[in-house]
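J.: Can you read through this structure? Questions will come right after.
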Amino acid sequence: MDGDSASWSSVCCILRIRSVVRLGTSSFTANGRNHDEERLHYSHQYHISDVASRVHILHREQRHGDYVSGSYSHLEPSGHIRSVHYEVRGANRGFKAVVEQRTGNSRVHQTLEFRSRQPIRALAIAEPVAFVI
Numbered sequence: 045m046d047g048d049s050a051s052w053s054s055v056c057c058i059l060r061i062r063s064v065v066r067l068g069t070s071s072f073t074a075n076g077r078n079h080d081e082e083r084l085h086y087s088h089q090y091h092i093s094d095v096a097s098r099v100h101i102l103h104r105e106q107r108h109g110d111y112v113s114g115s116y117s118h119l120e121p122s123g124h125i126r127s128v129h130y131e132v133r134g135a136n137r138g139f140k141a142v143v144e145q146r147t148g149n150s151r152v153h154q155t156l157e158f159r160s161r162q163p164i165r166a167l168a169i170a171e172p173v174a175f176v177i
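Each residue of the sequence shown is one higher than the one before, counting from 45 in our numbering.
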């Protein structure tokens, strides 16, 4: 590949990255509520298992009104399985997480609870500072 082709492909790559970033940021709305919290219901899950890269992840979550619960697990390089089970019971009641780390014959169990001190607000959208290739 000659020098002109290499620089042209670099420019195309930069333009593609910038267009994706601009499309992604322009779709967000202001801090207004455009939905009914009580009627929000969903349930989803996904599983990723790639033997070549040794990535194994399982995630589940469900929401009923302002109550959200779920869990995710992943296999660490050491062979341990770390699982986190979490729940949120309303915007002002905090976040509770139970963390488990398992091996073949053992289990470590830890419970974490976080209380919300102020209402959660969306962050302002910022433009990227620089692109590094």
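Don't be surprised by glycine CBs; every beta carbon is placed ideally from N, CA and C.
1) Under 7 Å, do Ser117 and Ile125 count as touching if we go by C-beta distance?
2) Is it buried or exposed, Val95, if we count other Cβ atoms within 10 angstroms and call 16 or more buried?
3) Pull up the distance between the alpha-carbon of Gly123 and that of Val132, whole angstroms please.
4) To the nearest angstrom, report how far apart His129 and Leu102 are at their CA atoms.
5) Taking CB distances under 7 Å as the criterion, tell me whether Arg137 reaches chain C.
T.: The short version:
1) Numbered from 1 along the sequence shown, position 73 holds the residue referred to as residue 117. Numbered from 1 along the sequence shown, position 81 holds the residue referred to as residue 125. Result yes, Cβ atoms of Ser117 and Ile125 sit closer than 7 Å.
2) Taking the first residue of the sequence shown as 1, we reach residue 95 at position 51. Val95 comes out exposed.
3) Mapped onto the sequence shown, residue 123 falls at position 79. Mapped onto the sequence shown, residue 132 falls at position 88. Roughly 30 Å separates the two Cα atoms.
4) Position 85 of the sequence shown, counted from the start, is the residue given in the question as residue 129. Position 58 of the sequence shown, counted from the start, is the residue given in the question as residue 102. So the two alpha carbons sit approximately 12 Å from each other.
5) Of the chains in the structure shown, none is chain C; there is only one protein chain.
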